[in-house]
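One structure is given here, and the rest of the page talks about it.
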Amino acid sequence: GAVVSQHPSWVICKSGTSVKIECRSLDFQATTMFWYRQFPKQSLMLMATSNEGSKATYEQGVEKDKFLINHASLTLSTLTVTSAHPEDSSFYICSATLRGSYEQYFGPGTRLTVT
Amino acid sequence: RKEVEQDPGPFNVPEGATVAFNCTYSNSASQSFFWYRQDCRKEPKLLMSVYSSGNEDGRFTAQLNRASQYISLLIRDSKLSDSATYLCVVNIFGDYKLSFGAGTTVTVRA
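If you read the sequences in order, they're chains A and B. Numbers 414 to 528, taken from this note's numbering, label the letters of the first sequence in order. Numbers 314 to 423, taken from this note's numbering, label the letters of the second sequence in order.
So this is what it looks like as structure tokens:
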């Protein structure tokens, strides 16, 4: 149990376009979802925390107007990278938690390349 | 200072060897500790939680030293499949957020 999926698994887009990444909890209701970004040889950096039906909480230094997060239901959160630039190229990973649990279940990640 | 710091390695060890490495954390309010494993271009996967008294899971042993604010991971009888990056992860009391170290890379050679 506790499977999280992400779509797409990889995407290449042109500079200036927007990209949407979906994160779904397949067999449980996720009260909280997290979005991370990981650059090569670096740690996962938390970008934002989202709870179903409320606005996401962004970490310091993360532009909320550039990284739009929508947590429309207990099983789906989306991250939209708007007006992507090459420096946004990274590995984006989501995770989800069950109510009352600290354990996070990670999605397989989305590799974004902006050309 | 980073919240979680790890020796990046790499640790190159032969099959069957024992390898151990540490991680330090800066926030004394940290309450939950984990080791995750991350393979190249994949998501992190929980290897084991770390308990105050130390715990073992097969060939893996984790220790916690709250006084010195570090945790350790020891891998016995290394297998080729143990080659990965091991992430030290810490959670602060009352907060659902996790803080990740940058990882320690272990390569087991035949």
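Where is the CB? At the ideal position from N, CA and C, for every residue including glycine.
Rounded C-alpha distance that separates residue i from residue j
{"i": "S396 of chain B", "j": "L386 of chain B", "result": "14 angstroms"}
{"i": "A423 of chain B", "j": "G371 of chain B", "result": "21 angstroms"}
{"i": "S467 of chain A", "j": "F334 of chain B", "result": "40 angstroms"}
{"i": "F519 of chain A", "j": "C401 of chain B", "result": "15 angstroms"}
{"i": "S394 of chain B", "j": "G513 of chain A", "result": "33 angstroms"}
{"i": "P321 of chain B", "j": "M446 of chain A", "result": "28 angstroms"}
{"i": "A443 of chain A", "j": "Q419 of chain A", "result": "14 angstroms"}
{"i": "E356 of chain B", "j": "V432 of chain A", "result": "20 angstroms"}
{"i": "S412 of chain B", "j": "R437 of chain A", "result": "22 angstroms"}
{"i": "N464 of chain A", "j": "S502 of chain A", "result": "26 angstroms"}
{"i": "S391 of chain B", "j": "E369 of chain B", "result": "15 angstroms"}
{"i": "G474 of chain A", "j": "K315 of chain B", "result": "16 angstroms"}
{"i": "K358 of chain B", "j": "A380 of chain B", "result": "28 angstroms"}
Reference residue i; option with closest CA among the options
{"i": "T420 of chain B", "options": "B:D320, B:Q319, B:K315, B:E328", "result": "B:E328"}
{"i": "V416 of chain A", "options": "A:L489, A:W423, A:S496", "result": "A:L489"}
{"i": "V403 of chain B", "options": "A:G429, A:Y515, A:H420, A:Q473", "result": "A:Y515"}
{"i": "P499 of chain A", "options": "A:W423, A:G513, A:S428, A:S418", "result": "A:S428"}
{"i": "E526 of chain A", "options": "A:F504, A:S418, A:A509", "result": "It is worth fixing the name first, because residue 526 of chain A is Thr in this sequence and not Glu. Among A:F504, A:S418, A:A509, the Cα nearest to that of T526 of chain A is on A:F504."}
{"i": "T510 of chain A", "options": "A:V475, A:P453, A:W448, A:V432", "result": "A:W448"}
{"i": "F441 of chain A", "options": "A:P521, A:Q517, A:K454, A:R524", "result": "A:Q517"}
{"i": "A415 of chain B", "options": "A:M458, A:I506, A:R437, A:R524", "result": "A:M458"}
{"i": "R350 of chain B", "options": "B:T398, B:G407, B:K410, B:Q382", "result": "B:T398"}
{"i": "G367 of chain B", "options": "B:L360, B:K358, B:V317, B:N378", "result": "B:N378"}
{"i": "T418 of chain B", "options": "A:L439, A:C426, A:P453", "result": "A:P453"}
{"i": "C507 of chain A", "options": "A:R450, A:L439, A:Q473", "result": "A:R450"}
{"i": "E318 of chain B", "options": "B:R354, B:Q376, B:Q382", "result": "B:Q382"}
For residue i, three-class secondary structure by DSSP
{"i": "S503 of chain A", "result": "strand"}
{"i": "D412 of chain B", "result": "The residue you asked about is not Asp; residue 412 of chain B is Ser in the sequence shown. Residue state, collapsed to three classes: strand."}
{"i": "L393 of chain B", "result": "helix"}
{"i": "D352 of chain B", "result": "coil"}
{"i": "E533 of chain A", "result": "There is no way to answer for residue 533 of chain A, as the model of chain A reaches only from 414 to 528."}
{"i": "T528 of chain A", "result": "coil"}
{"i": "D370 of chain B", "result": "strand"}
{"i": "V424 of chain A", "result": "strand"}
{"i": "N340 of chain B", "result": "coil"}
C-beta contact flag for residue i and residue j at 8 angstroms
{"i": "A497 of chain A", "j": "I482 of chain A", "result": "no"}
{"i": "A461 of chain A", "j": "Y471 of chain A", "result": "yes"}
{"i": "T331 of chain B", "j": "R389 of chain B", "result": "yes"}
{"i": "K477 of chain A", "j": "T495 of chain A", "result": "no"}
{"i": "L492 of chain A", "j": "I434 of chain A", "result": "yes"}
{"i": "L405 of chain B", "j": "N340 of chain B", "result": "Per the sequence shown, the amino acid found at residue 405 of chain B is Ile instead of Leu. In contact: I405 of chain B and N340 of chain B (Cβ atoms closer than 8 angstroms)."}
{"i": "S422 of chain A", "j": "P521 of chain A", "result": "yes"}
{"i": "F347 of chain B", "j": "V363 of chain B", "result": "yes"}
{"i": "V424 of chain A", "j": "T523 of chain A", "result": "yes"}
{"i": "A375 of chain B", "j": "M361 of chain B", "result": "yes"}
Neighbour list for residue i in chain A, Cβ cutoff strictly below 8 angstroms
{"i": "N325 of chain B", "result": "Ordered by position in chain A, no residue passes the 8 angstroms Cβ test against N325 of chain B, which lies about 17 angstroms from the chain."}
{"i": "N404 of chain B", "result": "Y515"}
Residues that residue i contacts on chain A, provided the C-beta gap is smaller than 7 angstroms
{"i": "Y281 of chain B", "result": "Chain B is shown from 314 up to 423; residue 281 of chain B falls before or after that span and cannot be answered."}
{"i": "S345 of chain B", "result": "Y515"}
{"i": "E356 of chain B", "result": "I506, F519, G520, P521, G522"}
{"i": "G416 of chain B", "result": "S456"}
Where residue i meets chain B, residues with beta-carbon distance less than 7 angstroms
{"i": "F459 of chain A", "result": "Checking the displayed sequence, the identity of residue 459 of chain A turns out to be Leu instead of Phe. Those are K410, listed as they occur along chain B."}
{"i": "T510 of chain A", "result": "Y409"}
Contact with chain C by residue i, beta-carbon distance below 8 angstroms
{"i": "F334 of chain B", "result": "Although the question refers to chain C, the structure presented lacks it and instead comprises the protein chains A and B."}
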